[in-house]
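In my numbering, the protein residues as written are 17 to 328. Where a beta carbon is used, it is the ideal one built from N, C-alpha and C, also for glycine. Bear in mind that the values here come from a model prediction, so they are computed numbers and not experimental data.
As structure tokens, then:
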């Protein structure tokens, strides 16, 4: 039962934010025009600052495990490659394919992962999860730029994709965060407080905006793809890679970081990036919101299972 409350308490704040955002739109606080502007603000300001803060606060030098990082990266890359070949079976629309591929490989690791890591593994569990953030988040973002550029209709020109990568705010913030962490740079208190306040907006605003972006009348139209995306992300991917992680000997605090990466719902930033880069924003939004709701059950199941097996 404790495992259920851990998962429930980590997920439900995100669900409630989406519900509040939807209700605020019904009351007229959000319109299509300001939703677009807020999406840009989330993509260019709030989420990059949140990413920077989480990475820069990680102590990579003390608990960095190269084999764990390589394995986590391998999971992401294999998931992307398999999805590229499998997803076209279910939809021929390139924009839908891009949104689905991103949702399947990209987890809400920062916002949902760190609280769960702390509940399951204490300070050490959270610290190890934070070191994965330093590599996984940049990998998520670089992969997303490439995938969304290709499937969103952009040119396959390598120069264009490279420029998109180096100009992406989330990638820039990831690199800056790594530099600050490695060099041990300390900011004055007033700058830390400002960064913390903006990072808080990065946790809140994207989910509010996604909730306001939901069109319930369109959920039926995307029902098939929505089910495929949710089942793939929350059930199939964990079902494949959790046993592999166990066979490779990852247990306790190290396993917690992998468990979160594998079982968390799609990242909020995935929908924001899908809109900015020309893929199916509507489908991406639905995948984030409804996967987050469903994950209150699936995350509990996976946590309960590995707890029962005494792996954490």
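Cβ shell of residue 117 (< 8 Å), same chain only, five flanking positions each side left out: Along the chain shown, read from residue 1 onward, the residue named residue 117 stands at position 101. The answer, listed in chain order, is 96, 99, 100, 103, 163 and 167.
Residue 307 - DSSP class collapsed to helix/strand/coil: Numbered from its first residue, the chain shown carries residue 307 at position 291. DSSP places residue 307 in helix when its eight states are reduced to three.
Cβ-based neighbour list, residue 291, same chain, cut-off 7 Å, excluding 5 preceding and 5 following: For the purposes of this step, residue 291 is taken as residue 275 along the chain shown, with counting starting at 1. The residues are 55 and 297.
Residues near residue 89 in its chain [Cβ-Cβ closer than 8 Å; skip 5 each side]: In the chain shown, residue 89 corresponds to position 73, counting from 1. Correct list, in chain order: 151, 152 and 155.
Bridge partners - residue 123, DSSP secondary structure assignment: Locating residue 123 in the chain shown gives position 107, counting from the first residue. BP columns for residue 123 point to 282.
Whole-number beta carbon distance between residue 37 and residue 215, since they are thought to touch under 8 Å: For the purposes of this step, residue 215 is taken as residue 199 along the chain shown, with counting starting at 1. For the purposes of this step, residue 37 is taken as residue 21 along the chain shown, with counting starting at 1. Actually they do not touch by this definition, with Cβ atoms about 19 Å apart.
Exposure label - residue 65; buried when at least 16 CB within 10 Å: Along the chain shown, one-based indexing puts residue 65 at 49. Within 10 angstroms of the beta-carbon of residue 65 lie 16 or more other beta-carbons, which makes it buried.
Closest by C-alpha distance to residue 39, when choosing among 224, 74, 105 and 109: Your numbering for residue 39 matches position 23 in the chain shown. Ranking the options by Cα distance to residue 39, first place goes to 224.
Given 8 Å, three or more beta-carbon pairs between the segment 43-53 and the segment 109-116: Result no; under three Cβ-Cβ pairs closer than 8 Å.
Close-in-space but distant-in-sequence residues of the same chain around residue 184 (CB under 7 Å, 5 per side omitted): The residue you call residue 184 lines up with position 168 of the chain shown. Cβ-Cβ distances below 7 Å link residue 184 to 157 and 161 in the same chain, with the five nearest sequence neighbours on each side left out; the list follows chain order.
Same chain only: Cβ atoms within 6 Å of residue 24, ignoring 5 sequence neighbours per side: Your numbering for residue 24 matches position 8 in the chain shown. Excluding residues within five positions, the ones whose Cβ falls inside 6 Å are 312.
Inter-residue CB distance, residue 303 and residue 255 (contact presumed, cutoff 8 Å): Counting from one through the chain shown, the residue named residue 303 turns up at place 287. Counting from one through the chain shown, the residue named residue 255 turns up at place 239. That belief does not hold up - the Cβ atoms of residue 303 and residue 255 are roughly 19 Å apart, past 8 Å.
Residue 89 (DSSP reduced to helix, strand or coil): The residue given as residue 89 occupies position 73 in the chain shown. In the structure shown, residue 89 sits in a helix (DSSP, three-state: H, G or I).
Residue 203 to residue 239 span [Cα, whole Å]: Residue mapping note: residue 203 aligns to position 187 of the chain shown, counting from 1. Residue mapping note: residue 239 aligns to position 223 of the chain shown, counting from 1. Straight across, the Cα-Cα distance linking residue 203 with residue 239 is about 47 Å.
Beta-carbon spacing of residue 217, residue 267 below 8 Å: Here the question's residue 217 lines up with position 201 in the chain shown. Here the question's residue 267 lines up with position 251 in the chain shown. Annotated as distal: residue 217 and residue 267, with beta-carbon spacing of 8 Å or more.
Beta-carbon proximity check, residue 81 vs residue 270, cutoff 8 Å: In the chain shown, counting from the first residue as 1, residue 81 sits at position 65. In the chain shown, counting from the first residue as 1, residue 270 sits at position 254. It is a contact, given that the beta carbons lie within the stated cut-off.
Alpha-carbon spacing of residue 174 relative to residue 159, whole angstroms: Here residue 174 refers to the residue found at position 158 of the chain shown. Here residue 159 refers to the residue found at position 143 of the chain shown. Each residue's alpha carbon lies about 14 Å from the other.
Local Cβ density within 10 Å of residue 293, reported as buried at 16 or more and exposed below that: What you label residue 293 is simply residue 277 of the chain shown in a count that begins at 1. It counts as buried.
Rounded Cβ spacing between residue 165 and residue 177 (contact assumed at less than 8 Å): In the chain shown, the residue the question calls residue 165 occupies position 149. In the chain shown, the residue the question calls residue 177 occupies position 161. The pair is a contact, with the Cβ atoms about 5 Å apart (cut-off 8 Å).
Start-to-end residues for the alpha helix (DSSP H) that takes in residue 214: Position 198 of the chain shown, counting from 1, holds the residue named residue 214. 205-229 is the span of the alpha helix (DSSP H), which, as asked, contains residue 214.
Supposed close pair residue 301, residue 226 - CB separation, criterion 8 Å: In the chain shown, the residue the question calls residue 301 occupies position 285. In the chain shown, the residue the question calls residue 226 occupies position 210. About 5 Å separates the two Cβ atoms, so the contact holds.
Local conformation of residue 295 per DSSP, three classes: Counting from one through the chain shown, the residue named residue 295 turns up at place 279. Coil.
Buried versus exposed call for residue 232 [16 or more other C-beta atoms within 10 Å across all chains shown]: For the purposes of this step, residue 232 is taken as residue 216 along the chain shown, with counting starting at 1. Label assigned to residue 232: exposed.
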